[in-house]
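Take a look at the structure below.
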């Protein structure tokens with residue numbers, strides 16, 4: 017059901033079963049997948065590509081132009097994956113010429129007042145608590161959880177299955193599978209609780225602990241620690257993920273305790 021009090025551009029592509037509440041505005045270059053619910057007072061601007069069975073709560077603004085002085089009006093998009101929930105007053109800006117899109121994956125939850133800036137790429141199954149602020153060009157891998165009011169610096173990368181404590185200032189890359197907290201933001205151990213909830217067994221968690229013990233607790237230079245992990249840990253998916261992330265961290269990696 018689409019409220020007669022909503023303002024819907026006739027060029028918008030809206031699938032069957034979409035509900036749109038009163039006083040919501042949908043621009044013309046918008047696509048909305050079936051089964052999505054959009055509450056009242058939402059603004060969905062040109063370039064939005066919203067998947068199926070999403071929920072968008074009042075006050076959200078999706079696909080506004082980037083808050084980037086280098087933006088010159090190029091055609092870009094904002095992509096929202098299936099089953100993603102955007103709570104009250106979430107704001108997501110569309111991309112620039114860097115990536116040409118801002119992308120939120122499937123099954124994500126962005127709680128109230130989260131901001132996602134231009135050219136961010138967020139993978140599936142991520143959770144951002146209230147008022148998390150994500151600057152431009154950030155990349156966040158799957159199953160990441162970020163606590164409320166955390167602020168993430170532009171170009172930062174956060175690895176999969178990471179947990180970042182609320183109130184954190186994230187200035188450097190956060191490796192996969194870890195917990196990050198304190199000020200300045202530091203490695204606080206492996207996210208064992210989260211990993212076990214997602215099916216990792218005790219041996220897999222132990223191996224991840226050993227790799228980060230080598231990286232953080234032995235006082236080795238980054239390159240030496242990575243080489244030691246490559247030489248001494250038998251091949252497994254977690255090893256490949258960790259080594260690849262550490263080698264390609266562009267802003268440096270958060271420090272140890």
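Residue numbers (the working numbering): 17 to 273. Positions of the beta carbon are idealized from the N, C-alpha and C atoms, including for glycine.
Given a cut-off of 8 angstroms on the beta-carbon distance, is the pair residue 192 and residue 261 in contact? Position 176 of the chain shown, counted from the first residue, corresponds to residue 192. Position 245 of the chain shown, counted from the first residue, corresponds to residue 261. Result yes, Cβ atoms of residue 192 and residue 261 sit closer than 8 angstroms.
Below 8 angstroms, can you find three or more Cβ-Cβ pairs linking the region 56 to 64 to the region 33 to 43? yes
Check whether the Cβ atoms of residue 136 and residue 96 lie closer than 8 angstroms to each other. As a first step, residue 136 is located in the chain shown; it is residue number 120 there, counting from the start. As a first step, residue 96 is located in the chain shown; it is residue number 80 there, counting from the start. Not a contact, by the Cβ cut-off of 8 angstroms.
Alpha carbon of residue 234 to alpha carbon of residue 90, nearest angstrom: Walking along the chain shown from the start, residue 234 turns up at place 218. Walking along the chain shown from the start, residue 90 turns up at place 74. C-alpha separation (whole angstroms): 48 angstroms.
Alpha helix (DSSP H) containing residue 208: first to last residue? Working through the chain shown from its first residue, we reach residue 208 at position 192. Looking at the DSSP string, the run of the alpha helix (DSSP H) that includes residue 208 is 208 to 213.
Same chain only: Cβ atoms within 6 angstroms of residue 101, ignoring 5 sequence neighbours per side: Within the chain shown, residue 101 is the residue found at index 85, counting from 1. Close CB contacts of residue 101 within its chain, under the 6 angstroms cut and outside five residues either way in sequence, are with 71, 125 (chain order).
Could you check whether residue 74 and residue 134 sit closer than 8 angstroms to each other, using their CB atoms as the reference points? Within the chain shown, the letter at position 118 stands for residue 134. Within the chain shown, the letter at position 58 stands for residue 74. No, they are not a contact pair.
Which of helix, strand or coil does DSSP assign to residue 229? The sequence position of residue 229 within the chain shown is 213, counting from 1. Note: residue 229 maps to helix in three-state DSSP.
Just to confirm before moving on: does the CB-CB distance between residue 184 and residue 152 stay below 8 angstroms? Locating residue 184 in the chain shown gives position 168, counting from the first residue. Locating residue 152 in the chain shown gives position 136, counting from the first residue. No; because the gap between Cβ atoms is not below 8 angstroms, this pair is not in contact.
Local conformation of residue 264 per DSSP, three classes: In the chain shown, residue 264 corresponds to position 248, counting from 1. Looking at residue 264 - three-state DSSP - the assignment turns out to be helix.
Name the DSSP beta bridge partners of residue 113, please? Within the chain shown, numbered from 1, the residue matching residue 113 stands at position 97. Looking at the DSSP assignment, residue 113 forms no beta bridge with any residue, so it has no partner.
Around the Cβ of residue 61, are there at least 16 other Cβ atoms within 10 angstroms (buried) or fewer (exposed)? By one-based count along the chain shown, residue 61 stands at place 45. Classification for residue 61: buried.
So, for residue 169: in the same chain, excluding its five sequence neighbours on each side, which residues have a beta-carbon less than 7 angstroms away from its beta-carbon? The residue labelled residue 169 in the question sits at position 153 within the chain shown. Correct list, in chain order: 151, 186, 187.
According to DSSP, simplified to helix, strand and coil, what is residue 258? Counting from 1 along the chain shown, the entry for residue 258 is found at position 242. Three-state result, residue 258: helix.
Assigned secondary structure, residue 14 (DSSP; H/G/I helix, E/B strand, else coil): Since the first and last residues shown for the chain are 17 and 273, residue 14 lies out of range.
How do the region 238 to 246 and the region 168 to 182 stand: do at least 3 beta-carbon pairs fall below 8 angstroms, yes or no? no
Identify, in the order they occur along the chain, each residue of the same chain with its Cβ nearer than 6 angstroms to the Cβ of residue 106, setting aside the five sequence neighbours on each side. Here residue 106 is taken as the residue at index 90 of the chain shown, counted from 1. So the qualifying residues of the chain are 76, 126, 130.
Should residue 227 be counted as a contact of the ligand PLP given a C-beta to heavy atom distance under 7 angstroms? No copy of the ligand PLP appears in this structure; indeed no ligand is present at all.
Delimiting residues of the beta strand (DSSP E) encompassing residue 270: In the chain shown, counting from the first residue as 1, residue 270 sits at position 254. From DSSP, residue 270 is part of no beta strand (DSSP E); its letter is neither H nor E.
Among 182, 207, 115, 120, whose alpha-carbon lies nearest the alpha-carbon of residue 148? As a working mapping, residue 148 is identified with position 132 in the chain shown. Among 182, 207, 115, 120, the Cα nearest to that of residue 148 belongs to 182.
Helix, strand or coil for residue 189 per DSSP? Within the chain shown, the letter at position 173 stands for residue 189. When DSSP states are grouped into helix, strand and coil, residue 189 belongs to the strand group.
Label residue 23 either buried or exposed according to how many other C-beta atoms from any shown protein chain fall within 10 Å of its C-beta, with 16 as the threshold for buried. Stepping through the chain shown from its first residue, residue 23 is reached at position 7. With fewer than 16 other Cβ atoms within 10 Å, it is exposed.
When the Cα of residue 210 is compared with those of 223, 177, 119, 225, which residue comes out closest? Here residue 210 refers to the residue found at position 194 of the chain shown. If we check each option's Cα against that of residue 210, 177 comes out closest.
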